[in-house]
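K.L.:
Structure provided below as structure tokens; questions to follow.
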């Protein structure tokens, strides 16, 4: 077996999220927040610690608040992370980072909590 394998599955990682704006006080990441590290989408499993690290999940399905900005959101639609959007997840691709897939529906111009498949 290879001795250089760091994580067996690599879907749950402890990483530095200090550069990602979360919903906590002073913009820290809190458990349940969506985010991206570069192009890697995640949902935080733990709050960001004083060292800037949190445990994040890079796959699976999470119930997230989604903005239907450019059209209605339907199951299977691509969703994007928008750091400037208060809710962070929407269906506007321009300038945003691909986050995952909608598994529920949100009407055009509306916001709703739906299951989202993390990653792609």
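Residue numbers (this note's numbering): 586 to 705.
Cβ atoms here follow ideal geometry from the backbone N, Cα and C, with glycine treated the same way.
The model shown is predicted, which means the values in this text are computed figures rather than measured ones.
Starting from residue 589, trace the beta strand (DSSP E) both ways and give me its first and last residue.
P.N.:
No beta strand (DSSP E) contains residue 589, which DSSP labels as neither H nor E.
K.L.:
With DSSP as the reference, label residue 704 as helix, strand or coil.
P.N.:
Reduced to three states, the DSSP call for residue 704 is coil.
K.L.:
Are there three or more Cβ pairs, one per stretch, closer than 8 Å when the stretch 596-612 is compared with the stretch 654-665?
P.N.:
No contact exists between the stretch 596-612 and the stretch 654-665.
K.L.:
Identify the continuous beta strand (DSSP E) that holds residue 687 and give its terminal residues.
P.N.:
Where residue 687 is concerned, the enclosing beta strand (DSSP E) stretches over 682-687.
K.L.:
Start and end of the beta strand (DSSP E) containing residue 563?
P.N.:
One cannot answer for residue 563 here, as it falls past the ends of the chain, which runs 586 to 705.
K.L.:
State whether the stretch 627-639 contacts the stretch 671-678, with contact taken as three or more CB pairs (one from each stretch) at a distance under 8 Å.
P.N.:
The answer is no - the stretch 671-678 does not touch the stretch 627-639, with fewer than three Cβ pairs under 8 Å.
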